[in-house]
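Top line first, the protein sequences correspond to chains D and U. Heads up: the first sequence runs through residues 1 to 216, numbered per this note's numbering. Heads up: the second sequence runs through residues 1 to 493, numbered per this note's numbering. A virtual CB, placed ideally from N, CA and C, is assigned to each residue, including glycine. I have placed the structure first, in the form of structure tokens, so that the comments after it can refer back to it.
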Amino acid sequence: MSAREEILSRLRTATRDVTTPAGSRGEIPRIATVGDSPGATLELFAENVADYRATVQRCSPADVGGVVAAALARAAAHTVLVPTGLDPAWVSSLRDSGIRVLADEGEDGGPLRADELDGIDAVVTAARVGIATTGTIVLDHEPDQGRRALTLVPDQHVCVVRADQVVHDVPDAVALLDPSRPLTWISGPSATSDIELDRVEGVHGPRTLDVVLVEP
Amino acid sequence: MPSFQRAAKEALANTQQRRNLAHATATIRAKRAAVVGEVDRWEELRVAGADAKDEALHHLPHYLEQLETNLTARGATVHWARDADEANRIVLDIVRAKEAQEVVKVKSMATQEIELNERLEEAGIHAWETDLAELIVQLGHDRPSHILVPAIHRNRAEIREIFRREMGSVGRPAPEDLTDEPARLAEAARLHLREKFLRARVAVSGANFAIADTGTLVVVESEGNGRMCLTLPETLISVVGIEKVLPSFEDLGTMLQLLPRSSTGERMNPYTSMWTGVHDGDGPQEVHVVLLDNGRSHVLADELGRQALRCIRCSACLNVCPVYERAGGHAYGSVYPGPIGAILNPQLRGTGSEVDKSLPYASSLCGACFEACPVRIDIPTLLVHLRTQVVDEASGRSPEATSMRAAAWMFGDHRRLEAAQRAATLGGRLLGGRTLRSVPGLGAWTQARDVPTPPRETFRQWWARRRQDDPGGAPGPVRQQDGTSTTTPEEET
Ligand code: SF4
Chain D
1 MSAREEILSR LRTATRDVTT PAGSRGEIPR IATVGDSPGA TLELFAENVA
51 DYRATVQRCS PADVGGVVAA ALARAAAHTV LVPTGLDPAW VSSLRDSGIR
101 VLADEGEDGG PLRADELDGI DAVVTAARVG IATTGTIVLD HEPDQGRRAL
151 TLVPDQHVCV VRADQVVHDV PDAVALLDPS RPLTWISGPS ATSDIELDRV
201 EGVHGPRTLD VVLVEP
Chain U
1 MPSFQRAAKE ALANTQQRRN LAHATATIRA KRAAVVGEVD RWEELRVAGA
51 DAKDEALHHL PHYLEQLETN LTARGATVHW ARDADEANRI VLDIVRAKEA
101 QEVVKVKSMA TQEIELNERL EEAGIHAWET DLAELIVQLG HDRPSHILVP
151 AIHRNRAEIR EIFRREMGSV GRPAPEDLTD EPARLAEAAR LHLREKFLRA
201 RVAVSGANFA IADTGTLVVV ESEGNGRMCL TLPETLISVV GIEKVLPSFE
251 DLGTMLQLLP RSSTGERMNP YTSMWTGVHD GDGPQEVHVV LLDNGRSHVL
301 ADELGRQALR CIRCSACLNV CPVYERAGGH AYGSVYPGPI GAILNPQLRG
351 TGSEVDKSLP YASSLCGACF EACPVRIDIP TLLVHLRTQV VDEASGRSPE
401 ATSMRAAAWM FGDHRRLEAA QRAATLGGRL LGGRTLRSVP GLGAWTQARD
451 VPTPPRETFR QWWARRRQDD PGGAPGPVRQ QDGTSTTTPE EET
């Protein structure tokens, strides 16, 4: 018997006592908190993102480019990576600020190799969803966010979230996401508590996370 | 592996470890309590979490087949492994086919359980652990002692020593001027591991959840080492215990509230990665999933015991357990320490060995683990259930069985208990302030426990004396009757 057949047959024997069919638990309960108002949800989001020692900046759509450039300057980034689908207005204001703007394109014309990514200081992306109760941003790596490696290897990640993308609780986010996409949930910068439980920001992922919250 | 009681006795003598553990468990306990307190409907979430896992477990063949179908449709290759040997062979064959000399690893208890690293090393393939704590454990030629913080038994000075001594022999050496500041130590790990991440072609991971209705695998982590392993290499091999399956993507709404809050005491862990087979142009282009049984089908067959398979390895039960806090993780003789280890190991491995026989006794049955468990595993009841099994198997001849029977006999009749207490307080008067190291007749029971010196007078004696002094105030004097002498076995820590 193949391993597959044998395991499945062991499992069938082990669950012989179960008489209900699969799915009989009924609808999956959606246990979530609800915000008092969209404003309160945004407040909570900003508060919880900041609690993770990420920087939160709130601004209007017209100011995004400038706020992003300022965040990059604060971290002394000289080179910044932008995914292909990033808002062109933001990209041009980055160019105006004098920083070196790079696309995900290596010397050989293909996407950047890991060691090429390693030489870049920062990356700027959009996001798919923000979660208020946990201070999380979720990327689904569509063209305005780039493939997964882009937000991982450079040392600073500046992430732009629109106010209308922020939901209140975790189940609301799960309901909006497309599971066929790769998904990265980010709550604060990379961190470890493995040494005497002292929290240290920045191990392998970006050590600096800036979240720009855009309000109409 | 010696019995838990003997191993724990040695661990108890290690004051440094006890101090580290007490600090760590108390810190995480407090953080967890604070963030769990923020959630109004925590109990409802726990019930939903338990229901989601039970739904999957009760219909495991159905959901595993669904998972396989969805994974395959999305370009992943699914393998099935009956036991550790088979799983290791599958992984080894894939690594060999890729002609890789090394793999980078995301912390995974399933691969520890099957001792994959050892098997790879035997075959000449280096397996690099990339979680900071796992790196400390690996470089220290040590074993993990906690699910969440495997190097909890090491302090910063020890870690610095390990890095200075060992890093150079397996890659980039630690900086010359390395201090024992956590930030500097983390930086050293970053530099040491980055060169491995950037060149590795094969990665091995586990998964926290495997979603049947979408074929999505989920890894929850903090440092970004998981993301490195899951996205940079060309080939990804995930070893997934068959109990990790969740029926629906929607269930993540529940689980991702329960896990981080119970585990690290955070509202959400810094990084969670989800991938569904192969994503064109993003991440590994060859994705393998090894579905591992290794005793799980055996656990599933026990109607009461199967709830142990709900475990999402959050480690909340470790941090609240008074026994774990003092004995540490190594005494459990397995990658699954603490209360969950005490029930899971004997079920996965059977109760043939000394350590597995003794594990159901590695508890005070205080119930704190059940209260903490986000998926409501009734650990105390399972411990008693397993004790019965162990005792039955030993046909009542094990020392624990004997002392349990003695205890049952004594508690069965209040006169016997009083007689025993009288004998004990008499002993206490003779002993003065000294601690009892062992009690005749209860040798094995007291081997790993220092029984406090009994008080000069029991509560019942005091009550009876008061009653004599003040006949109106309390019930009649306690009947006096002589019985056999022993001490009270209830005073375990
Ligand atoms: S038994 Fe419960 S509390 Fe313990 S690790 Fe598993 S899920 Fe967490």
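Check, Outcome
"For C59(D), does the three-state DSSP call read helix, strand or coil?", "strand"
"On the three-pair Cβ rule with 8 Å, is the stretch 275 to 283 of chain U touching the stretch 75 to 94 of chain U?", "yes"
"By DSSP's criteria, L236(U) is part of a beta bridge. Which residues make up the other side?", "A203(U) and V287(U)"
"Closer than 8 Å to a non-hydrogen atom of ligand 1 - does that hold for the CB of L117(D)?", "no"
"Given this structure, state the Cα-to-Cα distance separating S97(D) from G85(D), to the nearest angstrom.", "20 Å"
"In three-state DSSP terms, what is D213(U)?", "coil"
"If I measure Cβ to Cβ from E234(U) and keep anything under 8 Å in the same chain, skipping five residues before and after, which residues do I get?", "K98, R201, V202, P284, Q285 and E286"
"Quick one: residues in its chain with C-beta nearer than 6 Å to the C-beta of G159(D), no 5 flanking neighbours on either side, listed in chain order?", "A quick correction: the sequence has Cys, not Gly, at residue 159(D). Once the five neighbours on either side are set aside, the close Cβ partners of C159(D) are T125, A127, I137 and V211."
"Can you give the Cα-Cα distance for R143(U) and R376(U), rounded to whole angstroms?", "28 Å"
"Under 8 Å, with one C-beta from each stretch per pair, do the stretch 260 to 269 of chain U and the stretch 220 to 232 of chain U reach the 3-pair mark?", "yes"
"According to DSSP, simplified to helix, strand and coil, what is R162(D)?", "strand"
"Should the stretch 25 to 33 of chain D be regarded as contacting the stretch 244 to 261 of chain U, the criterion being three or more beta carbon pairs within less than 8 Å?", "yes"
"Tell me whether E86(U) sits in a helix, a strand or coil according to DSSP, three-state version.", "helix"
"Output yes if chain U places a C-beta closer than 9 Å to the C-beta of W90(D); else output no.", "no"
"Can you name, in chain order, every residue of its own chain whose Cβ lies under 6 Å from the Cβ of T231(U), other than the five neighbours on each side?", "G283"
"Tell me the rounded alpha-carbon separation between A127(U) and P216(D).", "50 Å"
"In the DSSP assignment, find the alpha helix (DSSP H) that holds D210(D) and state where it starts and stops.", "Element bounds for D210(D): not the alpha helix (DSSP H) but the beta strand (DSSP E), T208 to V214."
"With 16 as the cutoff for other CB atoms within 10 Å, does L176(D) come out buried or exposed?", "exposed"
"When the cut-off is 9 Å and only beta carbons count, does W80(U) lie next to chain D?", "yes"
"Note down, in chain order, each residue of its chain lying with its Cβ closer than 6 Å to the Cβ of P260(U), except the 5 sequence neighbours on either side.", "E266, M268 and N269"
"Any heavy atom of ligand 1 closer than 8 Å to the beta-carbon of L318(U)?", "yes"
"Given that H204(D) touches chain U, what residues does it touch there, using C-beta distances under 8 Å?", "T130, R190, L193, R194, F197, E223, G224, N225, R227 and M228"
"Does the stretch 41 to 51 of chain U come close enough to the stretch 159 to 177 of chain U that 3 or more CB-CB pairs lie under 8 Å?", "no"
"How about P380(U): is its Cβ closer than 8 Å to a heavy atom in ligand 1?", "no"
"Which class does A81(U) belong to by DSSP, given the choice of helix, strand or coil?", "strand"
"How about I377(U): is its Cβ closer than 8 Å to a heavy atom in ligand 1?", "yes"
"Let me check understanding here. Comparing Cα to Cα, which of I131(D), T133(D) and L42(D) lies closest to C59(D)?", "L42(D)"
"Residues of chain U with a CB under 7 Å from the CB of D104(D): which are they?", "In chain order: nothing, as chain U lies at least about 10 Å away."
"What is the rounded straight-line gap between the Cα of I195(D) and the Cα of K244(U)?", "29 Å"
"Compute the beta-carbon to beta-carbon distance between L152(D) and R227(U), rounded to the nearest angstrom, for a pair I have assumed lies under 8 Å.", "5 Å"
"Run the CB neighbour count on P38(D), radius 10 Å, all protein chains shown included, and call it buried at 16 or more, exposed below.", "exposed"
"Just the Cα atoms here: how many angstroms apart are T25(U) and R100(D)?", "47 Å"
"I want to verify the contact list: residues of chain U whose CB lies under 8 Å from the CB of A191(D), in sequence order.", "S222, E223 and P270"
"Output the distance between the C-alpha atoms of V335(U) and G329(U), rounded to the nearest integer angstrom.", "8 Å"
"What does H288(U) touch in chain D if you count any residue whose Cβ is under 9 Å from its own?", "Chain D residues near H288(U): none, gap ~14 Å exceeds 9 Å."
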